[in-house]
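In what follows, a single structure is set out as C-alpha cells and then discussed.
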Amino acid sequence: MSQNIDLSVKYMGLDLKSPIIASSSDFTSKVDSIVELAEAGVGAVVLKSLFEEQIMYDIDSMRMNNMFDSYAYTEDYISYYTKQHEVGKYLELISESKKRSNIPVIASINCSTASEWMSFAKNVEQAGADAIELNVFVLPSDPEKSVDYYRKLYFDVIDGVKQNSNLPIAVKLHYYFTDLAAFMVELSEKADSLVLFNRFFSPDIDLNKMKITSGGSFSNPSDHFQVLRWIGILNGKLNSSLSASGGVHDASAVLKSVIAGADVVQIASSLYTQGVVAVTQMINGMEEWLREKNYSSIREIKGLLSQNSISSPALYERAQFMKYFSDFNHSKD
Ligand SMILES: Cc1cc2nc3c(=O)[nH]c(=O)nc-3n(C[C@H](O)[C@H](O)[C@H](O)COP(=O)(O)O)c2cc1C
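Residue numbers (this note's numbering): 392 to 724.
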C-alpha cells in the first residue's frame with residue numbers, strides 16, 4: 392500500500408491543506424471557479440484585487456446627502472453605481488466563497504496610497520475573509536523621490552490596515568528595491584507574509600504600428616529562477632511567512648520553492664495556460680516525488696537548500712553565473 396503524503400502547511404497562521412494558492416486573477420473572481428479550485432486541491436485563494444479607487448468612490452459617495460442632485464449627468468451616476476456595486480459585490484464574493492468552499496479566502500486590495508480606503512479592511516473582515524493581501528502597486532520611477540519616501544508608503548499602508556482589522560496581512564511586492572533584503576526583513580516585522588513577486592504589465596513596442604503594446608500577460612517557467620533566488624536568500628531571515636509567486640507552472644517548481652524556503656506558492660499563469668487541472672497535476676507530482684524520496688510530508692523539505700542551509704551560500708548570488716561560463720569555455724577545449 393502506498394504511503395499517504397501530508398501536504399498541509401501553515402501560512403500566516405492559517406491551516407492550508409496544500410501549499411498551492413490560487414493567486415489573485417480572474418480565476419478567483421467568481422464563486423464557482425473558487426469552488427472548482429478548492430476541489431482540485433488548492434490550499435487557499437487570493438481573490439481578484441479590488442482597486443483602492445473603487446473603495447474611495449464608495450466612501451466618497453456615502454458622504455453625499457442627495458445622490459441624484461450631486462450627479463449632474465446620468466453618465467456620472469452610472470459610473471458611480473457601477474463602482475459602488477463592485478465594492479458590494481466584492482464583499483458578497485468573500486462571504487459566498489467562504490460558505491461554498493472549505494478553504495481560507497484571502498481578500499486582495501490593489502493600492503498605491505495610504506489613505507481612507509484602509510478603513511475598508513474592517514468590511515473585509517466582517518464579510519468573513521481569513522486574511523488580506525495588499526498589492527502595493529508603486530513603481531519607484533520618480534527620480535525626485537527618495538528610497539525613504541517609497542519605503543514609508545509600505546509601512547503606512549500596513550499600519551493603516553492594521554488599525555482597522557485584526558486579519559493577517561500579506562504584502563505582495565516587486566523587486567525594484569535597492570536594498571531588497573534589508574527592506575524585506577523590516578517589512579516582515581509588520582506583515583504576516585511577503586509574496587515574492589508581483590507581475591506587472593510590461594511594455595513592448597510594435598515596430599510596424601510604432602506604438603507601445605503589452606509585453607504579454609503570462610509568465611514563463613524561467614521566470615521562476617528569479618523568485619527562487621530571493622526565496623532561498625530570505626529563508627530563515629524573516630519574521631513572516633514567505634510565498635513564492637511567478638513562473639510556477641508544474642510540481643517541480645512547487646517543490647523547488649519549498650526546498651528553497653517558501654511556505655506556499657501562488658499560481659496564476661499556469662491556470663490560464665493549462666486550466667484548473669494544473670493544480671491536480673502539481674499535487675500528484677509533489678506526492679509522487681515525496682514518496683519516491685521517502686518523505687511523508689511537504690514540511691520535511693522546507694528550506695533544505697536555502698542559502699542558510701547549504702555549504703556554498705554564494706551559489707544563490709553570483710558564483711553560479713561565473714561557473715556557467717567557466718564550464719562553457721572548458722567544454723569547448
Ligand atoms: C490575467 C491576470 C490577472 C491578474 N490580476 C491580478 C490582480 O487583480 N491582483 C494581483 O495582485 N495580481 C494579479 N495578477 C498577478 C498574479 O496574481 C501573479 O502574482 C502573477 O501573475 C505571477 O504569477 P504567475 O507566474 O503564476 O502568473 C494577475 C495575473 C494575470 C496573468
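A virtual CB, placed ideally from N, CA and C, is assigned to each residue, including glycine.
Since this is a predicted model, take the numbers as computed values, not measurements.
A direct Cα-Cα distance of roughly 44 Å separates S503 from R682. Unbroken alpha helix (DSSP H) runs of no fewer than 4 residues, entirely contained in the region 527-612, are found at 538-555 and 571-578, following chain order. Taking a C-beta distance under 7 Å as the contact criterion, I425 and V437 do not qualify as a contact pair. In the three-state DSSP reduction, I622 falls in the helix class (H, G or I).
Between the alpha carbons of V618 and D423 lies a distance of about 30 Å. D406 has K401 as its beta-bridge partners, per DSSP. An exposed status is given to L530, since fewer than 16 other beta-carbon atoms sit within 10 Å of its beta-carbon.
Per DSSP, the beta-bridge partners of V437 are I497. Cβ contact annotation for F418 (same chain, cutoff 6 Å, sequence separation greater than five): S424 and L662, in chain order.
Judged by DSSP in its simplified three-state form, Q394 adopts coil rather than helix or strand.
Rounded to the nearest whole angstrom, the CA to CA distance from A518 to K684 is 43 Å. Ligand 1 has no heavy atom closer than 6 Å to the beta-carbon of K401.
Under the DSSP assignment, A669 falls in the alpha helix (DSSP H) whose first and last residues are V668 to E683. Assignment of E708 by DSSP, reduced to helix, strand and coil, places it in the coil class.
Distance from the Cα of S399 is smallest, within the candidate group I689, K693 and Q554, for I689.
With 16 or more other Cβ atoms inside 10 Å of its own Cβ, F588 counts as buried. Sixteen is the threshold: since fewer than 16 other Cβ atoms of the shown chains lie within 10 Å of the Cβ of S537, the residue is exposed.
In the displayed model, I701 falls within coil according to three-state DSSP, outside both helix and strand. For S688, the secondary structure class from DSSP, reduced to helix, strand or coil, is strand. Rounded to the nearest whole angstrom, the C-alpha separation of S556 and V515 is 9 Å. Around the Cβ of N611, a 10 Å sphere holds fewer than 16 other Cβ atoms; the residue is exposed. Look at A659: its beta carbon is less than 6 Å from one of the heavy atoms in ligand 1.
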